[in-house]
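Numbering of the sequence shown is given in numbering that gives the first Met the number 0, commencing with residue 0 and proceeding in unit increments.
Beta carbons: idealized from backbone N, C-alpha and C, even for Gly.
Because the structure is a prediction, the values reported are computed rather than measured.
Read through the structure below, which is laid out as structure tokens, and then see the notes.
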Amino acid sequence: MICFLSMEVCGFTFEELGDWLEQAGEKRFRAAQIFDWIYRKGVLSFEGMENLSKELRKRLAESLRFPLLKLAAVQESDETSKFLWELSDGKRVESVLIRSFDRRTVCLSSQVGCPARCAFCASGREGLIRSLTAGEIVEQALHIDRFLKEKGERVCHLVYMGMGEPLENYDAVLKSIRILNDERTLHISQRRMTVSTVGIAPEIRRLAEERLFVNLVLSLHAPNQHFRKKIIPFARKYPLEEILSAMDFYAEKTRRDITYEYTLLSKINDQEEHAIELASLLRGKQCTVNLIPYNPVQGLRLERPDRANVCAFQKILESRGIRTTWRYTKGDDIAAACGQLALQKPSGLTNFGATS
Ligand code: SF4
């Protein structure tokens, strides 16, 4: 049974749109035409879908919500662009486009605010405001792909690492993955999609059973449960052993390597003893630790460790056989880096629906 409650065209899978059209007394093949207009031709109003009858266009416009996002602001730096979207209820979220050589990655938000309330993060400061719908997630990628197309480029990677905890909005996130992976939409390979979580153990196991091949990243940030609860208040919900066991299960089921992210906060979790404990926690696991020196957030009294500290931390992990990467921070000059996304005030809205 398909739920048509949301009635967002970008929240429909191809099959669901076909079902909806059939129930509305229309031909099922119209779904292919509508997907083609939206995802290939980048037309963002039913009015512009010229091979549909006037009557159907009118009916679609009256029944389906599209587009859902208005562009409130764009900030650009050399390698990143940050997009602030206004949603139909006036709430705001951000997405980030990251350019790295020929790779174009979009960092998607899955919620307004975030329930995890990580100590170093701007997005979590107000807690969870609401979850996004599948259509609102899909449209972030769609609009940025359209923006890139004008420059002859395409979105090729997606990371669910913007505002929100994706596994707390499981159904909408999963649906957006399926929609964006569809060859009739942006057709982004699942292997080029990454979901980042603070660790919702049952949902990690559920995701492992979905027969998907998306990459999974655990935001670890501390080498033990006691310490982790202080950095990620949400971590109280699940013991670390339970989360790590779920991550192992995911790796085994999907044959994907696991990444553990560790935000380094000066004099808090970046000391030698933390690196030694972390190496021991992850010993024997097929994984990579991604070290992220903290990105400053206004109003938070936390500091980024200096380069020498990060190198020393990395050296300890690697000397104990833990593969480690160190993320070069992109976008911190426009507050688009990890943990810096926050709800900004817009400066003039661009309604994508006005363009076709
Ligand atoms: S870092 Fe991620 S999980 Fe933590 S509060 Fe921010 S958005 Fe939520």
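Bridge-paired residues (DSSP) for V105: Within the sequence shown, the letter at position 106 stands for residue 105. Per DSSP, L96 and L157.
Cβ-based burial, E251 [other Cβ within 10 Å; buried from 16]: If you number the sequence shown from 1, residue 251 lands on position 252. Per the 10 Å Cβ criterion, exposed.
Within the segment 103-153, ranges of the beta strand (DSSP E) (whole runs, at least 3 residues): 110-112 and 127-130
Backbone secondary structure at T253 - three-state DSSP: On the sequence shown, residue 253 is found 254 positions in, with the first residue counted as 1. In the three-state reduction of the DSSP assignment, T253 falls in the helix class, which pools H, G and I.
Nearest-angstrom Cα separation, counted from F212 out to M160: Position 161 of the sequence shown, counted from the start, is the residue given in the question as residue 160. Position 213 of the sequence shown, counted from the start, is the residue given in the question as residue 212. In a straight line, the C-alpha of M160 is about 17 Å away from that of F212.
Contact check, F65 vs D181, beta carbons under 8 Å: Walking along the sequence shown from the start, residue 65 turns up at place 66. Walking along the sequence shown from the start, residue 181 turns up at place 182. Pairing F65 with D181 gives a Cβ-Cβ distance that is not under 8 Å.
Cα-Cα separation between E78 and R177, rounded to whole angstroms: Locating residue 78 in the sequence shown gives position 79, where the first residue counts as 1. Locating residue 177 in the sequence shown gives position 178, where the first residue counts as 1. So the two alpha carbons sit approximately 28 Å from each other.
Residue burial classification, T253 (beta-carbon count within 10 angstroms, cutoff 16): Position 254 of the sequence shown holds residue 253. Its Cβ being crowded by 16 or more others within 10 Å, T253 is buried.
Per-residue burial, G163 [other beta carbons within 10 Å of its own, 16 or more giving buried]: What you label residue 163 is simply residue 164 of the sequence shown in a count that begins at 1. So G163 counts as buried.
Under 8 Å between C-beta atoms of V137 and S175: Here the question's residue 137 lines up with position 138 in the sequence shown. Here the question's residue 175 lines up with position 176 in the sequence shown. Their beta carbons are under 8 Å apart, which means V137 touches S175 by this criterion.
Cα-Cα separation between K229 and C120, rounded to whole angstroms: Position 230 of the sequence shown, counted from the start, is the residue given in the question as residue 229. Position 121 of the sequence shown, counted from the start, is the residue given in the question as residue 120. When rounded, the distance between both Cα atoms is 13 Å.
Alpha-carbon spacing of P345 relative to I321, whole angstroms: On the sequence shown, position 346 is the one that residue 345 refers to. On the sequence shown, position 322 is the one that residue 321 refers to. Reliability fails at P345, whose pLDDT of 43 lies under 50, so the model's placement of it is uncertain and the value that follows must be treated cautiously. Cα-Cα distance, rounded: 43 Å.
Closer than 7 Å: A221 CB and nearest ligand 1 heavy atom: For the purposes of this step, residue 221 is taken as residue 222 along the sequence shown, with counting starting at 1. Within the chosen limit of 7 Å, ligand 1 does not reach the beta carbon of A221 with any heavy atom.
Contacts around R116, its chain only, beta-carbon distance under 7 Å, and the 5 residues preceding and following it disregarded: Numbered from its first residue, the sequence shown carries residue 116 at position 117. Excluding residues within five positions, the ones whose Cβ falls inside 7 Å are G123, G126, P232 and F233.
Residue from S188, D170, H220 and A221 with nearest C-alpha to I203: The residue labelled residue 203 in the question sits at position 204 within the sequence shown. For the residues S188, D170, H220 and A221, the minimum Cα distance to I203 belongs to D170.
Own chain residues within Cβ distance below 6 Å of Q139, not counting five before or after: Stepping through the sequence shown from its first residue, residue 139 is reached at position 140. The answer, listed in chain order, is S94 and L107.
L67, DSSP secondary structure in three states: Within the sequence shown, numbered from 1, the residue matching residue 67 stands at position 68. Annotated three-state conformation of L67 is coil, per DSSP.
Residue interval of the alpha helix (DSSP H) (run including I315): Here residue 315 refers to the residue found at position 316 of the sequence shown. Looking at the DSSP string, the run of the alpha helix (DSSP H) that includes I315 is R306 to S318.
Meets three-Cβ-pair contact criterion under 8 Å: the segment 306-319 and the segment 281-294: yes
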